[in-house]
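The sequence shown finishes on residue 101 if you use my numbering, and the numbering steps up by one all the way, no holes.
For reference, the structure discussed in these notes is given below.
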Amino acid sequence: MDAITRDLQKPVPWTLLYADDVMLASEDKGELERELQAWCDRLERFGLRLYVKKTEYLTTDVTESSSIKVNGIELPRTAVFKYLGSAVASDGKLMVEVNSR
């Protein structure tokens with residue numbers, strides 16, 4: 001996956017890639033939605049696909065009410081995001097990580 005998405009990847013921490021797990025980050029919701037769609041399109045071009053049922057997003061902006069979509073499908077918003085066993089909370093607290101172990 002690294003080879004087919006190399007030009008889409010941004011430096012850490014904006015893109016984290018491990019085997020078939022990907023985490024994208026952005027300071028702008030619209031930019032994140034465009035990046036996610038670009039990844040989805042690229043994967044499809046090479047016979048792979050984004051598993052939308054396992055895809056979710058986290059925002060630190062509690063006033064944000066709109067959602068993120070990929071291929072017209074609205075993604076669920078989460079308050080705690082797990083990536084490779086580590087938990088990240090939308091409020092920045094670390095207790096979620098401590099309690100999850």
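Every residue gets a Cβ at the ideal spot worked out from N, C-alpha and C, and that includes glycine.
Every value quoted in this text rests on a predicted model; they were computed, and no experiment measured them.
- In this structure Thr55 is in contact with Leu75, their Cβ atoms being roughly 6 Å apart against a cut-off of 8 Å.
- Per DSSP, the beta-bridge partners of Ser86 are Tyr83.
- One alpha carbon belongs to Pro11, the other to Ser67, and they sit about 25 Å apart.
- Inter-residue distance for Tyr57 and Arg6 is about 22 Å (C-alpha atoms, whole angstroms).
- Here the alpha carbons of Thr59 and Val80 stand approximately 10 Å from one another.
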